[in-house]
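J.: I am attaching a structure below and will ask some questions about it afterwards.
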Amino acid sequence: MEDTMAYTNTTVIQAIGLTKDYGDGEAAVHALRDVDVAFEQGRFTAIMGPSGSGKSTLMHTLSGLDTVTAGEVIFDGRDITKLNDNELTLMRRHDVGFVFQNFNLLPMFTAEQNILMPLTLAGEKSDREWFDRLTTTLGLTDRLRHRPNELSGGQQQRVAIARALITKPKVVFADEPTGALDSASSAEVLGFLRGSVREFGQTVIMVTHDPVAASYADRALVVADGRIVRDISDPEAAAMSELLTDIRDLKTAR
Ligand code: ADP
C-alpha cells in the first residue's frame with residue numbers, strides 16, 4: 001500500500017497513524033485503525049466501504065469536524081489535531097467546503113444568500129466574478145432568487161456545491177452527495193463535482209456507497225473495519241460493485 005502513503009509536494013491532506021475509538025475499555029469501537037493516507041491536490045477521491053466501516057469517521061477526522069484518538073492529520077502543512085476550537089473553526093471556514101446528502105441549505109434564505117453564506121458568516125466580501133462563474137457553470141443563474149423549497153433536489157445540491165466552492169477551499173468534502181437524488185440529478189451533480197476538479201483544480205473527497213458515483217472519481221479508497229483495504233485508480237462501476245460485494249461476503253463469512 002505504498003501508493004496510499006506517498007507524500008508528494010502536491011499533497012493537501014495526509015493522515016498518519018490515524019486512529020479513532022469511540023468509547024473505551026471493552027466497549028470501545030475501533031472506527032479507524034492506524035490509517036495512513038495522502039490526498040493530492042486537484043484529484044477526486046471516492047471513499048467506499050460497507051456500512052459501519054469507518055467512512056464517515058475518516059471524513060470527519062480529515063476535515064477537523066471530529067477529534068482523533070491518535071495520529072496526525074496534516075492539512076496544508078499543519079497538524080490540525082493540535083488546533084484549538086477557534087483555529088479549527090477558521091480552518092473549516094476558509095479551507096474546507098462541505099456538501100451533504102440532505103443539502104443543508106437554510107430555508108429562509110434565497111439560493112444566492114445560501115451560496116454567499118460562508119462569506120457572510122466570515123464577514124468577507126464576495127468575489128463577484130467567481131460567484132458568476134460558479135453559478136453559470138452550475139446552471140443556477142435564473143434560480144438565484146428562489147428559496148430552497150422552490151428548487152428541485154438536484155438544483156438544491158447544485159446550490160450547495162456553489163456554497164462549498166465560494167470560498168475557494170483547499171478541499172471539498174462531500175458526504176453521500178447523491179444519496180437523496182434520482183439518477184439523472186445524481187449524474188448532473190457528479191459531473192459538476194468532477195468538473196470542479198478538472199476546471200478549477202479543486203480537490204474533492206467524497207463518501208459514497210454507490211459504485212456509479214465512485215466511477216466519476218480519479219481514485220477510490222475502500223474502507224473495511226477501520227482500515228483502507230484497497231486504493232484504486234480510475235475506478236469503474238462494475239469492478240467497484242464486485243469488490244464491495246466480495247468485502248461484504250468476507251465480513252459475513254467471518
Ligand atoms: P460508515 O460511515 O462507514 O458507515 P462510521 O464511520 O459512521 O461508518 O462508523 C464506524 C464505526 O464507528 C461504526 O461501528 C459505528 O457504529 C461507530 N460510531 C460512529 N460514530 C459513533 C459515535 N458517535 N459513537 C459511538 N460509535 C460510533
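Numbering (full-length UniProt numbering), first residue to last: 1 to 254. Ideal Cβ positions, reconstructed from N, Cα and C, are used throughout, including at glycine.
#1: Does the separation of the CB atoms of L62 and A111 fall below 8 Å?
#2: Distance, Cα to Cα, P118 vs R158?
#3: Is S56 close to the ligand ADP? I mean its beta-carbon at under 7 Å from any heavy atom of the ligand.
#4: Work out the CA separation of F100 and D182 for me, nearest whole Å.
#5: Which two residues bound the contiguous beta strand (DSSP E) that contains R147?
#6: Take the Cβ of V171 as the centre, count every other Cβ of all protein chains shown within 10 Å, and call the residue buried at 16 or more, exposed below.
#7: Would you mind stating whether R43 and R219 have Cβ atoms separated by less than 8 Å?
#8: Please report the straight-line C-alpha distance between A70 and H60, rounded to a whole angstrom.
#9: Residue range of the alpha helix (DSSP H) that H60 falls in?
#10: I'd like to confirm the pairing. Which residues does DSSP put opposite G97 in its beta bridges?
#11: Less than 7 Å between C-beta atoms, sequence neighbours within five positions excluded: which residues of the same chain meet that for T89?
#12: My understanding is that A237 touches V212, with C-beta atoms under 8 Å, so please give their C-beta distance in whole angstroms.
#13: So the alpha helix (DSSP H) E188 belongs to, where does it begin and stop?
#14: Does the ligand ADP have a heavy atom nearer than 7 Å to the CB of V35?
#15: What are the start and end residues of the beta strand (DSSP E) that includes R43?
#16: Can you tell me whether DSSP reads E72 as helix, strand or coil?
#17: Determine the contact status of V229 and G54, defining contact as a CB-CB distance below 8 Å.
#18: In chain order, what residues of the same chain have a beta carbon less than 6 Å from the beta carbon of R33, not counting five sequence neighbours either side?
#19: Quick one: what does DSSP say M108 is sitting in, helix, strand or coil?
#20: Is the segment 183-201 touching the segment 152-168, taking contact as three or more C-beta pairs under 8 Å?
#21: Since I believe V96 is in contact with L18 (beta carbons under 8 Å), could you give me their beta-carbon distance rounded to a whole number of angstroms?
#22: For R143, does the count of other Cβ atoms within 10 angstroms reach 16, so buried, or fall short, so exposed?
#23: Could you tell me the alpha carbon to alpha carbon distance between M108 and R147, rounded to whole angstroms?
T.: Judging by the given coordinates:
#1: no
#2: 16 Å
#3: yes
#4: 15 Å
#5: Segment: none, R147 is in no beta strand (DSSP E) and carries neither H nor E.
#6: buried
#7: yes
#8: 14 Å
#9: K55 to L62
#10: V172
#11: none
#12: 5 Å
#13: S183 to F200
#14: no
#15: Per DSSP, R43 belongs to no beta strand (DSSP E) and is neither H nor E.
#16: strand
#17: no
#18: G226 and R227
#19: coil
#20: yes
#21: So it is not a contact: roughly 17 Å between Cβ atoms.
#22: buried
#23: 7 Å
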